[in-house]
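Report on one structure; see the data block that follows.
Protein chains: 2
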Amino acid sequence: MNEISSTKCFGGTQAVYAHESASTGTQMKFSVFTPPSALHGAGPYPTLYWLSGLTCTEENFITKSGFQRVAAELGLMVVGPDTSPRGETVPDDPDGAYDFGHGAGFYCNASEAPWSVSYKMYDYAAAELPALIEKEFPVDTARTGILGHSMGGHGALTIHLKNPEQFRTCSAFAPIVAPSQVPWGKKAFGNYLGKDETVWRDYDATALVGARPSEAEILIDQGTADNFLAEQLRPELFAAAAKVAGQKFTLRMQEGYDHSFYFIATFIEDHLRWHKERL
Amino acid sequence: MNEISSTKCFGGTQAVYAHESASTGTQMKFSVFTPPSALHGAGPYPTLYWLSGLTCTEENFITKSGFQRVAAELGLMVVGPDTSPRGETVPDDPDGAYDFGHGAGFYCNASEAPWSVSYKMYDYAAAELPALIEKEFPVDTARTGILGHSMGGHGALTIHLKNPEQFRTCSAFAPIVAPSQVPWGKKAFGNYLGKDETVWRDYDATALVGARPSEAEILIDQGTADNFLAEQLRPELFAAAAKVAGQKFTLRMQEGYDHSFYFIATFIEDHLRWHKERL
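Respectively, the protein sequence lines represent chains E and V. For the first sequence, the numbering used here gives the first residue as 207, with consecutive numbering after it. For the second sequence, the numbering used here gives the first residue as 207, with consecutive numbering after it.
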């Protein structure tokens, strides 16, 4: 693990690291924020994993959301992986589209060639990276949660529902809740997972919550002015499945907010406090 | 004036506009944040002008500083121009360097060819843009201040000292305080203003404060881990001149902070509250 950068921010430290990932077979970057008292060797800290959306790297959330102010106050560690394997050897969307390939790993383990060689983002985000973080940083392993935006909200929901003991709290901003039923997800899963749509259910939050709801309460914020709301996000599908399954769930429709980081910046404080109270 | 974007953020509106500038002869972009109550026609609002540093556009501050949270709470309008004229017709650094030409207007009026055609950033930032803002937005013209970062801190200091009645409050993050004495400023002023260094003094905060201190108190925050501190920034030069001139002045050396937006994000709340109290 190599430190790429380390910068003081709100009294804590915002760092970026790189390491060779066994899951993807590539070098992966990730961000870690440690609270002010970590400079004096304190901890362990309750820890949140942030998963970003399409086109993002490990940089977008740490430069645009302003989360560090609240994480410093609450004494939270926050970890953010990149959104896909990258590099010249990693296959990308043949048309260079933004919604598949580089920057669009969809937090699943691809089974189909040529994607299956390196697109193992479920293994990476749910297991390999947390194991590395636990080894290298002062994590309170009993107090770990997950959250994300858009494709990263899909990642947070599915990784929580599949690992509710490991990622005990879960929230999302404008998540893709039913990838099997929307264009972004159909394209990604069709390529990464193949034609058998029954396999897709294992990475579809709406299907998962019906099959195995968690004991936790799930929070989703969704802007009403989000251009992707009606076609790609469709939170009502998850809400209906959660209701049937008895999943504790809050959906807040935020009037006038769009899909951008201005929306995330506005409500990230709410989410961090919400996680901290429950961890 | 055309609206490029308008996004809800912390209940207010973060917008970007473009217009044809008479000062530069080019299309210029600028950002405007209006507080939540502006959606209902309230105002006028005390208004701050933010000037960005080398390489920045009107975007960096609005996406990376997180200022909107505090501006929404305090009921401040915040306006941010681009840092230079741009476009294929606008001459740029012949070597493509980051510290001159596009993204590096230094908030001065160039007198030397070929720069003098479009590099009129003093006229633009100190007069043309404020006049447009007053015409189009609910500004409390008696309550206007200015602040900025690095090259933009230089802009804020010089524009305040030359127009203390118009820009009544002034603060800066890691400003270039003595451009006539440091490499960045010598390169820029030598090209924009020519070889006669006595002319440079009109755009040099350390020279200006000696010649005409303002009645206001000036605040500067400077990180001690800033790579540019010793060679390019040298706040001690301004501090010494301010002391001799009787300028009210506070320099806060912030332990461990660098030159990045993480530093700005950490202290922007302090600065906005400081301006609001004095406006």
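Glycine residues also receive a C-beta, built at the ideal position from the N, C-alpha and C atoms. No experiment lies behind these values; they were computed from the predicted model shown.
Nearest chain E C-beta to V/Thr213 closer than 9 Å, yes or no? yes
Do V/Leu353 and V/Phe379 count as a contact pair if the criterion is CB distance below 9 Å? A Cβ-Cβ contact shorter than 9 Å links V/Phe379 with V/Leu353.
Once the 5 residues before and after E/Leu485 are set aside, which same chain residues still bring their CB inside 7 Å of it? Pro252, Arg349, Gly351, Arg374 and Thr375
Any C-beta of chain V under 9 Å from that of E/Lys235: no
Ignoring anything shorter than 4 residues or poking outside the region 291-361 of chain V, list the alpha helix (DSSP H) runs there in chain order. Qualifying alpha helix (DSSP H) stretches, in chain order: 335-342.
Could you compute how far the alpha carbon of E/Gly293 sits from the alpha carbon of E/Met327? When the Cα atoms are used, E/Gly293 and E/Met327 turn out to be separated by approximately 15 Å.
Just the chain V side, please: which residues come within less than 8 Å of E/Gly259 by C-beta, in chain order? Here the premise fails: no neighbours, minimum Cβ distance about 15 Å.
Using a Cβ-Cβ cut-off of 9 Å, state whether E/Ala431 counts as contacting chain V. Closer than 9 Å to some Cβ of chain V, the Cβ of E/Ala431 qualifies, so yes.
Is DSSP giving E/Gly416 helix, strand or coil here? helix
Close beta carbons around V/Thr412, own chain, < 6 Å, minus the five adjacent residues each side: Val383, Ala384, Leu443, Phe444 and Ala447
If you measure between the beta carbons of V/Phe312 and V/Tyr409, is that distance less than 9 Å? yes
How about V/Thr350: is its C-beta nearer than 9 Å to some C-beta of chain E? Not an interface residue.
Does E/Phe455 come out as helix, strand or coil in the three-state DSSP assignment? strand
Just to confirm, is the Cβ distance from E/Ala201 to E/Glu334 under 9 Å? This structure gives no information on residue 201 of chain E, because the portion of chain E shown stretches from 207 to 485.
Comparing C-alpha positions only, which one of E/Trp256, E/Leu282, E/Lys392 and E/Val345 sits nearest to E/Ile470? E/Trp256
My output table needs one value for E/Asp410: the three-state DSSP class, helix, strand or coil. coil
When the Cβ atoms of the region 419-429 of chain V are set against those of the region 395-404 of chain V, are three or more pairs found closer than 8 Å? no
Give me, in chain order, the residues of the same chain whose beta-carbon lies closer than 6 Å to that of V/Cys262; leave out the 5 immediate sequence neighbours on both sides. Thr289
Please name the residue, chosen from V/Gly281, V/Leu254 and V/Trp321, that lies closest to V/Ala332 on a Cα-to-Cα basis. Comparing alpha carbon positions, the residue from V/Gly281, V/Leu254 and V/Trp321 closest to V/Ala332 is V/Leu254.
Could you give the uninterrupted runs of the beta strand (DSSP E) lying entirely in the region 370-450 of chain V, keeping only those of 3 residues or more? 375-379 and 423-429
Examine chain V for any beta-carbon lying closer than 9 Å to the beta-carbon of E/Ala471, and answer yes or no. Judged by the 9 Å Cβ criterion, E/Ala471 is in contact with chain V.
Which of helix, strand or coil DSSP assigns to V/Glu475: Reduced to three states, the DSSP call for V/Glu475 is helix.
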